[in-house]
Amino acid sequence: MNADLVVVGAGFFGLTIAERAASDLGLKVLVIDRRDHIGGNAYSERDAETGIEVHKYGAHLFHTSNERVWEYVNRFTTFTDYVHKVYGVHNGEVYSLPINLATINQFFRANLTPDEARTLIREQAGELAGSDPQNLNDKGIQLIGRPLYEAFIKHYTGKQWQTDPKDLPAGIISRLPVRYTYDNRYFNDTYEGLPTDGYTVWIERMADHPHITVQLDTDFFDESQPLNKRALVGTVPIIYTGPVDRYFDYAEGELSWRTIDFEQEILDTGDFQGTSVVNYNDADTPFTRIIEPRHFHPERKYQTEKTLIMREFSRFAESGDEPYYPVNTADDRQKMLAYRDLAKAEEAVLFGGRLGTYKYLDMHMAIGSALTMYDNKIKPHFSGGAPLE
Ligand code: FDA
97 MNADLVVVGA GFFGLTIAER AASDLGLKVL VIDRRDHIGG NAYSERDAET GIEVHKYGAH
157 LFHTSNERVW EYVNRFTTFT DYVHKVYGVH NGEVYSLPIN LATINQFFRA NLTPDEARTL
217 IREQAGELAG SDPQNLNDKG IQLIGRPLYE AFIKHYTGKQ WQTDPKDLPA GIISRLPVRY
277 TYDNRYFNDT YEGLPTDGYT VWIERMADHP HITVQLDTDF FDESQPLNKR ALVGTVPIIY
337 TGPVDRYFDY AEGELSWRTI DFEQEILDTG DFQGTSVVNY NDADTPFTRI IEPRHFHPER
397 KYQTEKTLIM REFSRFAESG DEPYYPVNTA DDRQKMLAYR DLAKAEEAVL FGGRLGTYKY
457 LDMHMAIGSA LTMYDNKIKP HFSGGAPLE
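Using the numbering used here, the first residue of the sequence shown is number 97, and each one after it goes up by one.
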């Protein structure tokens, strides 16, 4: 192996490190991934039957207010002017989300001004004012009042966690956004859009450098192939973006995650739901939402005979499942403190990305934190001899 740096994981975190190290420092970088494609969870592919771009691991919408990240990502792709909006079904009616003045007026069959709506929600939230909510249910009622909470939050959250919100800790939510305008733009960021030629083209351009070698189908823990942990650690600096508990052989126990099962279907219609994401807020629908990816790219003029939809079912991950969202119980946080100490003590190995740090990171956060790791640790090490820690 002829590499100055090994990166485990070809997601946004790992590829940002690889790209910077190769382009800025001229290092030879070897990137390995256990999957058969690059891009990590942001990977997308064209469905063979419909030609529609499908985000294989769930809908990925790019948004950021970080100028440095925006400048960086624009080196590899342009973005469409897609603006994300979400709708939700409750009691057989479609509402605009996140909860805004249109949602409130439709729900209460009213014509309230922003001030009147604010007063109403304050009164309804007053039911539990001054109390110390002991579970997510009480916290939700205290934040936005019982009627809106029960219609739009209670069952959706219950389905996401497969747990009655009365049995979930209050700390899962600190605020529930309510907008007293008709603005239903989902994200508040300065920049938003989808990569014009798709995620995979963007990601391939990041890896397209003569000093970057990507080796797929290569598990860092598989000792039957040469590029494994035992063979590499201590011989070459490593950036590890896989699960931190797996790296230490679960010495402090397994960290808990939620996962999503996707049920994909192709339908004989040009348009199933008229928009990209519809949430199902009631308990009688088992899935949380339906994604219709054709609406992410209206500019592409996809064929109109068929469309593709994905229903999402959320549940706790078991071993072998894709880890998607950290559950982050008090027990997990305790384990993570111990893993952080172990990680710090691991010489010439840096841990990054969502799996390596056990944090939910949006794409712009993963890229931003990789750029920071590059500036603060990798560049000083390779250009000035600072220890890699
Ligand atoms: P990522 O998981 O992408 O990459 C890690 C890589 O390491 C994987 O390719 C994995 O195969 C590899 N790996 C793990 N173990 C290994 C081993 N033993 N050996 C070799 N390779 C190994 N963000 C956003 O901005 N907008 C959005 O709309 C969404 N939507 C969204 C939906 C869902 C369902 C999820 C789960 C996540 C999102 N995200 C998102 C977040 C986004 O997916 C996230 O920011 C990036 O995946 C983070 O990139 P990383 O490189 O950290 O991890």
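Even for Gly, the Cβ is constructed at its ideal location relative to N, Cα and C. Remember, it's a predicted structure, so these values are computed and weren't measured experimentally.
#1: Please return the same chain residues whose Cβ sits closer than 6 Å to the Cβ of LEU126, not counting the five positions on each side in sequence.
#2: Helix, strand or coil, according to DSSP, for SER270 in the structure here?
#3: Relative to the C-alpha of ILE362, which residue among LYS473, ILE387 and LEU404 is closest?
#4: Measuring straight from C-alpha to C-alpha, what distance separates LEU290 and ASP177?
#5: Any heavy atom of the ligand FDA closer than 7 Å to the CB of TYR435?
#6: Below 7 Å CB to CB, which residues in the same chain sit around PRO339 once its five sequence neighbours on both sides are set aside?
#7: Would you call the stretch 284-301 in contact with the stretch 213-220, where contact means no fewer than 3 C-beta pairs closer than 8 Å?
#8: Put ILE200 into one of helix, strand or coil per three-state DSSP.
#9: For ILE463, which residues from the same chain have a beta carbon less than 6 Å from its beta carbon, with the 5 sequence-adjacent residues on both sides left out?
#10: Under the rule that 16 or more other beta-carbon atoms within 10 Å means buried, what is ARG116, buried or exposed?
#11: Give the C-beta separation of HIS186 and ASP378 to the nearest angstrom, bearing in mind that I take them to be a contact with Cβ-Cβ under 8 Å.
#12: Just the C-alpha distance for THR468 and GLY136, rounded to the nearest angstrom, thanks.
#13: Starting from ILE405, trace the beta strand (DSSP E) both ways and give me its first and last residue.
#14: Of all the options PRO333, ASP345, ARG205 and ILE387, which has the alpha carbon lying nearest to the alpha carbon of ALA444?
#15: Any idea if ASN424 is buried or exposed, counting beta-carbon neighbours within 10 angstroms, 16 or more meaning buried?
#16: Are there 16 or more other CB atoms within 10 angstroms of the CB of ASP263, so buried, or fewer, so exposed?
#17: If you follow the alpha helix (DSSP H) that VAL329 is in, where does it begin and where does it stop?
#18: Starting from SER227, trace the beta strand (DSSP E) both ways and give me its first and last residue.
Checking against the coordinates, here is how it stands:
#1: By the criterion of a C-beta distance shorter than 6 Å, LEU126 is surrounded in its chain by ALA99, VAL102 and THR309, once the five residues flanking it on both sides are discounted.
#2: SER270 carries a coil assignment under DSSP once its states are collapsed to helix, strand and coil.
#3: LEU404
#4: The alpha-carbon atoms of LEU290 and ASP177 are separated by roughly 7 Å.
#5: no
#6: PRO419 and LEU451
#7: no
#8: In the displayed model, ILE200 falls within a helix according to three-state DSSP.
#9: PHE108, THR112 and VAL165
#10: buried
#11: 6 Å
#12: 20 Å
#13: 403-412
#14: For the residues PRO333, ASP345, ARG205 and ILE387, the minimum Cα distance to ALA444 belongs to PRO333.
#15: buried
#16: exposed
#17: Note, VAL329: premise wrong, no alpha helix (DSSP H); not H, not E.
#18: No beta strand (DSSP E) holds SER227; DSSP gives it neither H nor E.
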